[in-house]
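**Student:** Going down the list, the sequences are from chains Y and D. Numbering-wise, the first sequence is residues 25 to 423 according to the numbering used here. Numbering-wise, the second sequence is residues 25 to 423 according to the numbering used here. Think of the CB as a built atom: it goes at the ideal place given N, C-alpha and C, for glycine as much as any other residue. The structure that follows is given in the form of structure tokens.
There are 2 protein chains.
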Amino acid sequence: MSDATTLQRLADLLVGFGANVQRGQIVAVSSEIGKEPLTRAVATSAYRHGASYVEVTYSDIHVRHARIEFGSDEALETVPAWFGERILRLGDARAARIALTGPVEPGLMEDLDPARVGRDKSQALREAGTVVNERTTNWTIGPCPTPGWAALVHPDLEPEAALAKLWEEIVHVCRLDEDDPVAAWRERMATLVGVTERLTAARFDAIHFEGPGTDLTVGLLPSSRWISAAFETADGIPHAPNLPSEEVFTTPDPARADGVVRSTKPLLVGGATIRGLTVRFEGGRAVAIDAEQGADTLREMTRHDEGGARLGELALVDRDGRIGPLGTVFYDTLLDENAASHIALGRGFDFAVGPDDVERVNDSLIHIDFMIGGDDVAVTGITAAGERVPVLRGGAWQL
Amino acid sequence: MSDATTLQRLADLLVGFGANVQRGQIVAVSSEIGKEPLTRAVATSAYRHGASYVEVTYSDIHVRHARIEFGSDEALETVPAWFGERILRLGDARAARIALTGPVEPGLMEDLDPARVGRDKSQALREAGTVVNERTTNWTIGPCPTPGWAALVHPDLEPEAALAKLWEEIVHVCRLDEDDPVAAWRERMATLVGVTERLTAARFDAIHFEGPGTDLTVGLLPSSRWISAAFETADGIPHAPNLPSEEVFTTPDPARADGVVRSTKPLLVGGATIRGLTVRFEGGRAVAIDAEQGADTLREMTRHDEGGARLGELALVDRDGRIGPLGTVFYDTLLDENAASHIALGRGFDFAVGPDDVERVNDSLIHIDFMIGGDDVAVTGITAAGERVPVLRGGAWQL
């Protein structure tokens, strides 16, 4: 399935629809060693779409491994200033940005001290949040299948069959198996935009999640707006920030989250696998983080700053998307977060609240989504008057 | 020969002696897709030497191929402003810099329009020259053997044997076959420093090259000083900018070069192979550039700016180095320029002249070395009084 035509169709979808690259734009592509074929297809597509420059940045997880294994404590805290400055310059230049997700060597970090893995600051840039909130770049994040990722997702299959299966799934969830993938995306987005309008109109004061191991109430801000992945830059360029995307989301009140939540899917954070995660919140703060695996890494990451232990996102996913029904755990946030409702520790989105509440949006270096929804998790809206309104039951919208 | 020990010895030589990385320094590593093993060994060595951050930049020749094949004319002229700014920031941060040379896929550009290959601006940054001239970073350039490079250098050998042979040569020319490579380098450097002192003391007004197809006189500036690859930063950190290095060099007068010169080795420039190069100079300017192959690419590159057709470097190489005696054409400037005396079109080195002459040093975006020396090329110094003093005869120093 990773033939040249499929690569090109995925690249064209990311460039032409996801980021919606405009003639004369600089295009920054964030990739990783091991993702060269799709990266090159994206660069080619971007030049065909008229890019004035395609800047490809390949990270190398082995270099990160060396930093955590051999770097001084100072090294774990150091990120060159020009990394963040470059992101701001991309915003100034009104550039397009494309990132390719999916782990290449999922187990590589597992021989390291998990606390040092979590303490490593190099994985997050505050300026990335700034540019997203200022809406100065048209950007997208898309998946890049690799043999290592395929082996993680389909461990029972032979390497070639696993990769073929992963590609097949990616093609399906990206709607590349449609004659006109862009038309299919526009139709799905229209549905989700309708949901966001009804949710925003309901003006809930809080959202309640209830299911096996989960009883969590998350407060919303007075002006919290619900949004789908149909974005527009400040200059009016429409783009799809995630491909695929099946979610509607908003920015919650970082001061109000109470109860316990059990993650319904494992996740990979900074190269560490976190399984069986449970988090207890009090007054908006994650006061206890436990897991069968990887708790130390996540705990350290939430300690980067004050906002690391508070919520920046609350997202709902119905059962009509293409990812959930597959039943596949992808160990990649881009995909797994679109299989189930989720919340994120860390940075919130300014553009999901009104001007009066921007100051209250959670601020942090990190933004870590984890999945808490599923067909057996009931989602209920609570109005300021205390009325309880069903939102999702059995994965179906109730409003 | 590319076993883990050899990789580590080469990495340690580049980090510990070449760049001479200091504790707490940021280290920028400039690499390329296809050079991951040595790149990772360099990163590991740098962290072991106390680097506070190792920033690895992998370029991808396929992305460059896409730019030249599909990019607009605007794309060939565009380089994001933050590329150069980053280099200046490396200087501000007093960072160390390590670059790995050697082609990975030497023939890749050959299906492209050579004029477009030459017009592509992305290969040179003016700020790189600025930082070199300000001596704010301790830097080195070292070779990275790859299968593609080995096949180019040893086309008659099977792939594995070719790579083994190339590694063997790299180990030899880097003096890694010595028990103490650093001591061997210090000894060779002491010899070359002695030569630079005698050449500088001679105060030649010009250098005359005479051999088969070559009769070229290059003027020097009144304060031109001869230098070997024993550098020191403005802050006093010694470093070896090239490993290996066998040359002594100076900055010539860009207004005085007359005659013809025939290149004694082919070279790879911007991915294009240039063979059988002859250049005619008048009044310091290259007025005719001809070649059996690749002339168009070189001509376009010299047209980037006014200084592109004038000389910025003049370097002499004796027969006592380790590269020339191998008789191998490496198609890589780092190695080939240390096999034979050479000149470079483009940017000159401010630090090889006195303060009064800095304004006269050639300025350009490009710096392209090509080899013009050999045992059958006589090198003669000409004093201001017109006296002719033998400098190299049969590859041996005469002073």
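Using a Cβ-Cβ cut-off of less than 8 Å, give me the residues of the stretch 59-79 of chain D that come near chain Y, in sequence order.
**Tutor:** For the stretch 59-79 of chain D, which is checked against every Cβ of chain Y, the residues closer than 8 Å are E60, T63, R64, A67, T68, Y71, R72, G74, A75, S76, Y77, V78 and E79.
**Student:** Round the Cβ separation of Y/T275 and Y/L245 to the nearest angstrom and send it over; I've been treating them as touching at under 8 Å.
**Tutor:** 7 Å
**Student:** With distances taken between CB atoms, is the gap from Y/A75 to Y/I111 smaller than 8 Å?
**Tutor:** no
**Student:** Is there a C-beta anywhere in chain Y that falls below 8 Å from the one on D/F375?
**Tutor:** no
**Student:** Decide if Y/D135 is buried, meaning its Cβ has at least 16 other Cβ atoms within 10 Å, or exposed.
**Tutor:** exposed
**Student:** Strictly under 8 Å for the Cβ-Cβ distance: is Y/W163 near chain D by that measure?
**Tutor:** no
**Student:** Tell me whether Y/H89 sits in a helix, a strand or coil according to DSSP, three-state version.
**Tutor:** helix
**Student:** Quick test of the definition: if touching needs 3 or more C-beta pairs under 8 Å, does the stretch 257-267 of chain Y touch the stretch 319-330 of chain Y?
**Tutor:** no
**Student:** Output the boundary residues of the beta strand (DSSP E) element that contains Y/S83.
**Tutor:** Y77 to S83
**Student:** Going by DSSP in three states, Y/M25 sits in which element: helix, strand or coil?
**Tutor:** Confidence at Y/M25 is low in this model, with a pLDDT of 49, below 50, so its placement is unreliable and the value that follows should be read with caution. The answer is coil: DSSP assigns Y/M25 none of H, G, I, E or B.
**Student:** So which residues of chain Y does D/R113 contact, with C-beta pairs closer than 9 Å?
**Tutor:** P104, A105, W106 and E109
**Student:** Can you pull the chain Y residues whose beta carbon is under 8 Å from the beta carbon of D/S269, in chain order?
**Tutor:** Here the premise fails: no neighbours, minimum Cβ distance about 27 Å.
**Student:** So Y/I57 contacts chain D; which residues on that side make the cut at Cβ distance below 8 Å?
**Tutor:** Neighbours of Y/I57 in chain D, taken as residues whose beta carbon is under 8 Å from its own, are I57, E60 and Y82 in chain order.
**Student:** Which residue's Cα is closest to the Cα of Y/R417: Y/A368, Y/D344 and Y/T29?
**Tutor:** Cα-wise, what sits closest to Y/R417 is Y/D344.
**Student:** Curious, which full-length alpha helix (DSSP H) runs of at least 4 residues does the stretch 100-142 of chain D contain?
**Tutor:** 105-116
**Student:** Quick check: what's the CA-CA separation for D/E109 versus D/V155?
**Tutor:** Rounded to whole angstroms, D/E109 and D/V155 show a C-alpha spacing of 11 Å.
**Student:** Starting from Y/L358 and walking both ways along the alpha helix (DSSP H), at which residues does that stretch end?
**Tutor:** T357 to D360
**Student:** Which residue marks the beginning of the beta strand (DSSP E) containing D/V401, and which one marks its end?
**Tutor:** Where D/V401 is concerned, there is no enclosing beta strand (DSSP E), given that its DSSP letter is neither H nor E.
**Student:** Taking only beta-carbon atoms, is D/A333 less than 8 Å away from chain Y?
**Tutor:** no
**Student:** Helix, strand or coil for D/P205 per DSSP?
**Tutor:** helix
**Student:** In three-state DSSP terms, what is D/N157?
**Tutor:** helix
**Student:** D/V103 to Y/R118, Cα distance in whole Å?
**Tutor:** Cα to Cα, the separation comes out at about 15 Å.
**Student:** Please return the same chain residues whose Cβ sits closer than 6 Å to the Cβ of Y/A253, not counting the five positions on each side in sequence.
**Tutor:** A264, P265, N266 and S269
**Student:** Can you tell me which residues form a DSSP beta bridge with Y/W173?
**Tutor:** DSSP lists no partner for Y/W173.
**Student:** Does any residue of chain D bring its CB to less than 8 Å from the CB of Y/S96?
**Tutor:** yes
**Student:** Kindly indicate which three-state DSSP category D/G307 falls into: helix, strand or coil?
**Tutor:** coil
**Student:** Ignoring anything shorter than 4 residues or poking outside the stretch 322-399 of chain Y, list the alpha helix (DSSP H) runs there in chain order.
**Tutor:** Within the stretch 322-399 of chain Y, the complete alpha helix (DSSP H) runs of at least 4 residues are 357-360.
**Student:** Taking 8 Å as the CB-CB limit, is D/V293 close to chain Y?
**Tutor:** no
**Student:** Which residues share a DSSP beta bridge with D/Q317?
**Tutor:** D/R299
**Student:** Using the beta-carbon count (16 or more within 10 Å), is D/P262 buried or exposed?
**Tutor:** Its Cβ having fewer than 16 others within 10 Å, D/P262 is exposed.
**Student:** For Y/A35, name the three-state secondary structure that DSSP assigns.
**Tutor:** helix
**Student:** Given Y/L291, which residues of its chain have a CB within under 6 Å of its CB, disregarding the five upstream and five downstream residues?
**Tutor:** I298 and F394
**Student:** Is the stretch 74-94 of chain Y touching the stretch 46-61 of chain Y, taking contact as three or more C-beta pairs under 8 Å?
**Tutor:** yes
**Student:** Could you tell me whether the stretch 224-239 of chain D touches the stretch 402-417 of chain D, where touching means 3 or more Cβ pairs closer than 8 Å?
**Tutor:** yes
**Student:** Decide if Y/E411 is buried, meaning its Cβ has at least 16 other Cβ atoms within 10 Å, or exposed.
**Tutor:** So Y/E411 ends up on the exposed side.
**Student:** Just to confirm, are Y/E158 and Y/A258 a CB contact at a threshold of 8 Å?
**Tutor:** Against a cut-off of 8 Å, the Cβ pair of Y/A258 and Y/E158 comes out as a contact.
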